[in-house]
Every structure is written in structure tokens, then in C-alpha cells.
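Numbering-wise, the sequence shown is residues 3 to 242 according to this note's numbering.
Ideal Cβ placement from N, Cα and C applies to all residues, glycine included.
This report concerns only the one structure given below.
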Amino acid sequence: MDNFLNIIFSPVNLVLTLLMLLLVIYWIFTMISGIDFDLDVDVDIDADIDTDFEIDTDTSIEGGNLDFEDIANTEINKEDVIGKKRKPLKWWQILLIYFNFVGLPFMFTFSAWIFIWWLCTTITTTITHTYDHSMGYVIFLAGIVPSLLLTKFFTTPFKSFFKNLNQDGDEAYDLIGRTGISQSTIAESKLGTAEIVIDKNPITIYIKSLHGEQINYKEKILIIKQSEDHNHYFVQSYND
Numbered sequence: 003m004d005n006f007l008n009i010i011f012s013p014v015n016l017v018l019t020l021l022m023l024l025l026v027i028y029w030i031f032t033m034i035s036g037i038d039f040d041l042d043v044d045v046d047i048d049a050d051i052d053t054d055f056e057i058d059t060d061t062s063i064e065g066g067n068l069d070f071e072d073i074a075n076t077e078i079n080k081e082d083v084i085g086k087k088r089k090p091l092k093w094w095q096i097l098l099i100y101f102n103f104v105g106l107p108f109m110f111t112f113s114a115w116i117f118i119w120w121l122c123t124t125i126t127t128t129i130t131h132t133y134d135h136s137m138g139y140v141i142f143l144a145g146i147v148p149s150l151l152l153t154k155f156f157t158t159p160f161k162s163f164f165k166n167l168n169q170d171g172d173e174a175y176d177l178i179g180r181t182g183i184s185q186s187t188i189a190e191s192k193l194g195t196a197e198i199v200i201d202k203n204p205i206t207i208y209i210k211s212l213h214g215e216q217i218n219y220k221e222k223i224l225i226i227k228q229s230e231d232h233n234h235y236f237v238q239s240y241n242d
């Protein structure tokens with residue numbers, strides 16, 4: 003046991019081991035329903051970057067419930083990476099797509115990559131007895147490529163699975179016309195959250211006021227339509 007600890011916490015393996023521990027803690031918090039953050043953020047970004055990676059976001063979150071699950075299930079879509087102008091892809095865009103960092107929740111692919119890289123480096127440095135030798139650093143760096151290839155092989159079968167899920171990892175439901183409870187006070191272009199209950203399962207979604215009128219915390223809402231980028235829903239107050 004002491005020898006195992008000496009190996010994984012050796013200078014060569016220390017960085018990946020610490021990353022692994024952070025990811026384990028991260029996923030444990032996620033599985034325990036996540037940690038909520040009370041945010042009041044107003045961000046307006048309109049970027050047209052010369053690398054063909056376009057971001058056009060108008061995001062405001064007030065009193066929202068942003069948790070680790072939101073980050074864990076964040077998915078980079080191929081359309082976002084390529085951009086609206088459909089120009090030739092840059093090398094880093096091709097790498098993101100090829101190694102499945104695009105089309106799958108980013109943290110899922112990233113965690114798989116770090117774990118496989120850590121496993122490859124630890125096993126190889128143990129077999130070669132280089133975990134406390136300068137040659138071990140060469141093995142550490144050389145492990146990037148095979149670990150990425152193994153990550154692609156491991157994550158590819160999950161693509162069809164995640165295509166059938168929405169952002170929160172639940173089965174995709176048609177939410178238009180459903181009612182829920184606002185978890186934020188929103189108005190104008192403010193982005194907030196709402197809770198929808200389907201088959202006794204609560205689902206959290208991002209919402210904006212349809213016509214900009216104020217919707218209060220714990221007020222009942224009606225979902226009217228989904229945004230073009232599929233990131234949130236437009237809602238209005240609803241009285242039974």
C-alpha cells in the first residue's frame with residue numbers, strides 16, 4: 003500500500019493524481035444532487051473571433067440555481083465549433099471533434115481522458131520503474147496521444163446515448179405548453195430557472211420572460227416556446 007501511494011504521488015504522477023482526486027470530488031458532489039450557487043450575473047458578449055469560433059451570447063442569471071450538474075452536462079455542439087459562416091475548420095476544432103470533446107458533455111469526455119492518461123502513465127512508470135526518474139516525465143508527456151485515442155474509443159459508444167438526453171441528463175421531453183414554478187425573479191432579458199414536474203420527476207430548465215414582463219420567484223409559469231439555440235425557454239405568468 004505504501005509503495006502504491008509512493009508511485010501515484012511521485013513527482014512524475016503527482017499532477018495527474020491531483021487532477022484525478024479533484025474530478026472524483028467533483029463527481030461525488032454532482033451525484034449528491036449538486037451544489038447550488040446564488041448568482042446575479044449580467045453578461046452580454048458578442049464576439050466574432052478570427053479563429054472562426056463564434057460566440058453570440060446574451061446571458062443574465064438572477065437568483066438562478068446553477069449547480070455542478072449544469073457544468074458536467076455542458077455540451078459543445080459541432081455547429082458552435084464550426085461557426086455560422088461554415089469556413090474551413092482550424093486544427094484545434096478538428097481535434098475537439100475527433101476526440102469527442104464535441105457532441106458529448108465536456109466534463110464527461112475530459113474526466114475519461116484524465117483517468118485514462120493517469121492510468122497509462124502510472125502503469126507504464128511502475129513497470130519501467132521511472133516514476134521517480136527524469137525518464138518518467140517523457141512517459142508522462144508521451145501518454146497524451148495514446149490516452150486521447152483510448153478516450154475516443156471509450157467515449158464513442160456514448161454518443162447515441164447522450165443524443166437522446168437533454169442538457170440535464172434526463173430523457174428529452176416536449177415541454178412546450180407545460181406549467182412550472184419559477185425559481186427566480188426575472189424581467190426583460192434576465193435569465194432564470196424554473197422547475198417542471200413530469201411523471202413526479204422534477205426538471206430544472208432555464209427561462210426568460212416572453213414579453214419582458216416581470217415574473218416573480220415561486221410564481222407559476224407557462225412554457226411558450228424554446229429559444230433558437232435550445233439553451234432556454236420563453237415563458238409567461240400563468241393563472242389557473
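Of the residues the options, the one placed nearest residue i, counting alpha carbons only
| i | options | result |
| --- | --- | --- |
| residue 145 | 7, 15, 11, 157 | 15 |
| residue 10 | 31, 95, 120, 27 | 120 |
| residue 239 | 232, 233, 224 | 224 |
| residue 228 | 220, 212, 217 | 212 |
| residue 136 | 3, 13, 126, 191 | 13 |
| residue 116 | 236, 230, 23, 164 | 23 |
| residue 226 | 216, 210, 220 | 210 |
| residue 122 | 216, 148, 131, 106 | 148 |
| residue 154 | 108, 31, 30 | 108 |
| residue 176 | 200, 192, 20 | 200 |
Contact check, residue i vs residue j, beta carbons under 7 angstroms
| i | j | result |
| --- | --- | --- |
| residue 182 | residue 188 | no |
| residue 129 | residue 152 | no |
| residue 158 | residue 111 | no |
| residue 180 | residue 207 | no |
| residue 127 | residue 138 | yes |
| residue 97 | residue 104 | no |
| residue 230 | residue 214 | no |
| residue 106 | residue 164 | yes |
Straight-line gap, residue i to residue j (C-alpha atoms, nearest Å)
| i | j | result |
| --- | --- | --- |
| residue 222 | residue 5 | 59 angstroms |
| residue 18 | residue 133 | 12 angstroms |
| residue 61 | residue 196 | At residue 61, the pLDDT of 43 sits below 50, so the modelled position is not reliable and the matter cannot be decided from this model. |
| residue 100 | residue 218 | 44 angstroms |
| residue 95 | residue 233 | 22 angstroms |
| residue 185 | residue 150 | 40 angstroms |
| residue 162 | residue 203 | 23 angstroms |
| residue 113 | residue 241 | 44 angstroms |
| residue 178 | residue 160 | 28 angstroms |
| residue 21 | residue 33 | 18 angstroms |
| residue 216 | residue 205 | 22 angstroms |
| residue 25 | residue 93 | 27 angstroms |
| residue 220 | residue 235 | 17 angstroms |
| residue 192 | residue 28 | 28 angstroms |
| residue 30 | residue 7 | 22 angstroms |
| residue 3 | residue 131 | 16 angstroms |
| residue 140 | residue 102 | 26 angstroms |
DSSP-derived helix/strand/coil call for residue i
| i | result |
| --- | --- |
| residue 233 | coil |
| residue 138 | helix |
| residue 16 | helix |
| residue 189 | coil |
| residue 102 | coil |
| residue 183 | strand |
| residue 178 | coil |
| residue 92 | coil |
| residue 62 | With a pLDDT of 44 at residue 62, under the threshold of 50, the modelled position of that residue is not reliable, and the figure given next carries that caveat. It is a strand residue. |
In DSSP terms, what residue i is bridged to
| i | result |
| --- | --- |
| residue 196 | 184, 207 |
| residue 217 | 188 |
| residue 239 | 223 |
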